[in-house]
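Q:
As structure tokens, then:
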């Protein structure tokens with residue numbers, strides 16, 4: 099017999115694992131110290147390629163199942179060759195991926211079955227900043243808007259709460275909304 | 099006869115165009131208001147796919163030469179399927195692409211011939227933040243280190259100055275090191 103208390107949602111997230119990882123890393127904080135890495139190689143002009151492969155976590159070197167590569171470039175509008183997304187679009191993709199993974203994980207934890215989740219992101223930029231026209235204009239985005247469309251077995255209030263909790267636990271949302279220390283050196 | 103004053107470096111960046119764009123957008127700031135966009139679709143579990151296509155700039159809708167897609171996921175270590183880079187690795191790729199494009203553009207402007215540019219990026223994260231173990235631990239990176247290896251027709255001091263100027267004009271460096279307003283809504 100199935101208990102009415104048993105979770106029925108299956109969003110493909112192993113919440114039991116995440117809860118046990120939380121417990122294990124609370125007891126062994128040194129295992130929680132991760133290092134995420136990218137290597138980048140200039141191709142030509144504003145075009146470069148980034149490669150993601152290994153990372154460090156749970157006390158040892160780890161590998162992805164496969165190597166992931168990302169081309170970055172500027173568009174033809176800026177007299178570049180448009181061989182890849184612009185770096186700021188890649189940043190929006192990073193934010194989107196983080197928030198959406200969070201939505202799925204939180205939904206699983208709350209036993210909410212997701213049917214479809216899409217998001218559109220838009221970042222406003224005054225390019226007079228990066229072109230050095232006006233020192234009062236920042237280089238980055240003035241604002242980023244993220245709009246979710248979520249079809250799920252839940253009330254509109256519960257869906258809003260899902261998205262709010264995802265923001266609260268999102269690594270990239272934190273990095274973008276708060277200052278992060280970046281040290282750039284030449285070897 | 100070639101003047102000794104004529105630029106000789108060719109890094110594939112059209113600096114004349116960028117300088118004329120700077121002038122044109124100083125006179126017409128409304129053309130400098132860009133909107134960069136990404137759409138994101140949840141696949142399963144922590145796996146989602148982001149798509150980059152059009153953007154708004156120079157007063158009208160623009161398109162990339164091609165559509166760019168990026169898969170984001172969590173690694174097997176977190177009991178996910180590792181169908182793509184983690185969102186925080188994508189963020190490092192974004193930062194790398196922005197700084198390297200800047201190095202090439204600044205080198206062109208200073209008539210420095212680049213031969214090879216590579217960078218390694220590493221971000222430290224205490225995953226007790228995203229797992230909700232300790233509210234004192236932030237979700238994002240504690241620090242990001244970027245190390246450039248640059249082979250160019252220039253002194254070590256000039257190469258360091260290139261990288262410093264690239265940081266100063268980088269959109270993503272600004273977004274990561276300073277707070278950026280992000281509004282998340284449910285449609």
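Chains as they are written, first to last, in the numbering used here: chain X, 99 to 285; chain H, 99 to 285.
In this text, a Cβ means the ideal position worked out from N, Cα and C, and glycines have one as well.
1) Tell me the DSSP secondary structure of residue 247/H in three-state form.
2) Kindly give me the distance between the Cβ atoms of residue 155/H and residue 175/X, rounded to whole angstroms, as I take these residues to be in contact under 8 Å.
3) Less than 7 Å between CB atoms is the rule here; does residue 99/H satisfy it with respect to chain X?
4) Short check: CB of residue 280/H to CB of residue 275/X, under 7 Å?
5) In whole angstroms, give me the CA-to-CA distance for residue 101/X and residue 191/H.
6) Starting from residue 197/H, trace the beta strand (DSSP E) in both directions and tell me its first and last residue.
7) Would you kindly report the start and end of the unbroken alpha helix (DSSP H) that includes residue 165/X?
8) So what's residue 275/X in DSSP terms, helix, strand or just coil?
9) Quick one: residues in its chain with C-beta nearer than 6 Å to the C-beta of residue 268/X, no 5 flanking neighbours on either side, listed in chain order?
10) Does the CB of residue 279/H have a neighbour CB from chain X at under 7 Å?
11) Residue 131/X lies in the beta strand (DSSP E); which residues open and close that run?
12) Name, in chain order, the residues that DSSP records as bridge partners for residue 212/H.
13) Could you work out which residues of chain H lie near residue 289/X, taking near to mean beta carbons separated by less than 8 Å?
14) What does DSSP give as the partner residue(s) for residue 287/H in the beta ladder?
15) Sorted by chain position, which residues of the same chain lie with C-beta nearer than 6 Å to residue 132/X's C-beta, five sequence neighbours on each side aside?
16) Got a sec, what are the start and stop residues for the beta strand (DSSP E) residue 281/X sits in?
17) Looking at the C-beta of residue 185/H, does it have a partner C-beta in chain X at a distance below 7 Å?
18) Would you report the Cα separation of residue 106/H and residue 206/H, rounded to the nearest angstrom?
19) Give me the residue from 137/X, 177/X, 214/X, 129/X with the minimum Cα distance to residue 159/X.
20) Helix, strand or coil: which one does DSSP assign to residue 114/H?
21) Can you give me the Cβ contacts of residue 217/H inside the same chain, cut-off strictly under 8 Å, excluding the 5 residues immediately before and after it?
22) Taking Cβ positions only, does residue 213/H come closer than 7 Å to chain X?
23) Look at the Cβ atom of residue 231/H, then the Cβ atom of residue 120/X, and state whether they are nearer than 7 Å.
24) Would you give the residue range spanned by the beta strand (DSSP E) that residue 148/X belongs to?
25) Can residue 265/X and residue 282/H be called in contact, C-beta distance under 7 Å?
26) What residues from chain X crowd round residue 233/H, counting only those whose CB sits closer than 7 Å?
27) How big is the Cα-Cα spacing for residue 263/X and residue 204/H?
28) Are the Cβ atoms of residue 227/H and residue 142/X separated by less than 7 Å?
29) Just mark residue 99/H as buried or exposed, buried being the case when its beta carbon has 16 or more other beta carbons within 10 Å.
30) For a cutoff of 7 Å on Cβ pairs, would you count residue 247/X as touching chain H?
31) Just the C-alpha distance for residue 171/H and residue 222/H, rounded to the nearest angstrom, thanks.
32) Cα separation between residue 225/H and residue 237/H?
33) List the residues of chain H whose Cβ lies closer than 8 Å to the Cβ of residue 204/X, in chain order.
A: Short version:
1) Residue numbering aside, residue 247/H sits at position 149 when the second chain is read from its first letter. Residue 247/H: strand per DSSP, three-state reduction.
2) To locate residue 155/H, count along the second chain from 1; it is residue 57. To locate residue 175/X, count along the first chain from 1; it is residue 77. The pair is a contact, with the Cβ atoms about 6 Å apart (cut-off 8 Å).
3) Against the second chain, residue 99/H aligns to sequence position 1. Low per-residue confidence applies at residue 99/H: pLDDT is 43, beneath 50, and the placement is therefore not dependable, though the value from the model is reported in the following sentence. Chain X contact via Cβ: absent.
4) Here residue 280/H corresponds to residue number 182 of the second chain, with the count starting at 1. Here residue 275/X corresponds to residue number 177 of the first chain, with the count starting at 1. Yes. Within cutoff.
5) Along the first chain, one-based indexing puts residue 101/X at 3. Along the second chain, one-based indexing puts residue 191/H at 93. Per-residue confidence for residue 101/X stands at a pLDDT of 49, beneath the threshold of 50, marking its modelled position as unreliable; no derived number is given.
6) What you label residue 197/H is simply residue 99 of the second chain in a count that begins at 1. Note, residue 197/H: premise wrong, no beta strand (DSSP E); alpha helix (DSSP H) at 185-207.
7) If you number the first chain from 1, residue 165/X lands on position 67. Careful: residue 165/X lies outside any alpha helix (DSSP H), inside the beta strand (DSSP E) at 158-170.
8) Position 177 of the first chain, counting from 1, holds the residue named residue 275/X. Note: residue 275/X maps to helix in three-state DSSP.
9) One-based indexing of the first chain puts residue 268/X at position 170. If the five residues before and after residue 268/X are omitted, its C-beta is found closer than 6 Å to the C-beta atoms of 196, 197, 200, all from its own chain and listed in chain order.
10) Here the question's residue 279/H lines up with position 181 in the second chain. Closer than 7 Å to some Cβ of chain X, the Cβ of residue 279/H qualifies, so yes.
11) One-based indexing of the first chain puts residue 131/X at position 33. That run of the beta strand (DSSP E) goes 131-142.
12) Counting from one through the second chain, the residue named residue 212/H turns up at place 114. BP columns for residue 212/H point to 250/H.
13) In this structure chain X extends from 99 to 285, so residue 289/X is not present and cannot be described.
14) This structure leaves residue 287/H out entirely; chain H is present only between 99 and 285.
15) The residue you call residue 132/X lines up with position 34 of the first chain. In its chain, beyond the 5 residues on either side, 155 have a beta carbon closer than 6 Å to the beta carbon of residue 132/X.
16) Taking the first chain and counting its residues from 1, the one referred to as residue 281/X is at position 183. It spans 280-284 - the beta strand (DSSP E) in which residue 281/X sits, taken as one unbroken run.
17) Here residue 185/H corresponds to residue number 87 of the second chain, with the count starting at 1. Closer than 7 Å: yes.
18) Against the second chain, residue 106/H aligns to sequence position 8. Against the second chain, residue 206/H aligns to sequence position 108. Rounded to the nearest whole angstrom, the C-alpha separation of residue 106/H and residue 206/H is 9 Å.
19) Here the question's residue 159/X lines up with position 61 in the first chain. Checking every option, the nearest Cα to that of residue 159/X belongs to 129/X.
20) Looking up residue 114/H in the second chain gives position 16. It is helical.
21) Within the second chain, the letter at position 119 stands for residue 217/H. Short of 8 Å from the beta carbon of residue 217/H, and not among the five residues preceding or following it, lie these beta carbons of its own chain, in chain order: 194, 197, 198, 244, 245, 246, 247.
22) Along the second chain, one-based indexing puts residue 213/H at 115. No, its Cβ sits nowhere closer than 7 Å to a Cβ of chain X.
23) Walking along the second chain from the start, residue 231/H turns up at place 133. Walking along the first chain from the start, residue 120/X turns up at place 22. Yes.
24) Here the question's residue 148/X lines up with position 50 in the first chain. Run containing residue 148/X: 145-155, per the beta strand (DSSP E) assignment.
25) Your numbering for residue 265/X matches position 167 in the first chain. Your numbering for residue 282/H matches position 184 in the second chain. It is a contact, given that the beta carbons lie within the stated cut-off.
26) Taking the second chain and counting its residues from 1, one reaches residue 233/H at position 135. Per Cβ cutoff of 7 Å: no residues; residue 233/H is ~10 Å from chain X at best.
27) Taking the first chain and counting its residues from 1, one reaches residue 263/X at position 165. Taking the second chain and counting its residues from 1, one reaches residue 204/H at position 106. Approximately 42 Å, taken between the alpha carbons.
28) Counting from 1 along the second chain, the entry for residue 227/H is found at position 129. Counting from 1 along the first chain, the entry for residue 142/X is found at position 44. No, the pair does not count as a contact, with Cβ atoms beyond the cut-off.
29) Here residue 99/H refers to the residue found at position 1 when the second chain is read from its first residue. For residue 99/H, the predicted model reports a pLDDT of 43, less than 50, meaning its position is unreliable; a value from the coordinates is still stated below. Exposed, since its Cβ has fewer than 16 Cβ neighbours within 10 Å.
30) Along the first chain, one-based indexing puts residue 247/X at 149. For residue 247/X, the closest Cβ of chain H is nearer than 7 Å.
31) Counted from its first residue, the second chain places residue 171/H at position 73. Counted from its first residue, the second chain places residue 222/H at position 124. Each residue's alpha carbon lies about 19 Å from the other.
32) As a position in the second chain, residue 225/H is number 127, starting the count at 1. As a position in the second chain, residue 237/H is number 139, starting the count at 1. Taking the straight line joining both Cα atoms gives about 7 Å.
33) On the first chain, position 106 is the one that residue 204/X refers to. Near residue 204/X there are no residues of chain H at all, since even the closest Cβ is about 11 Å away, more than 8 Å.
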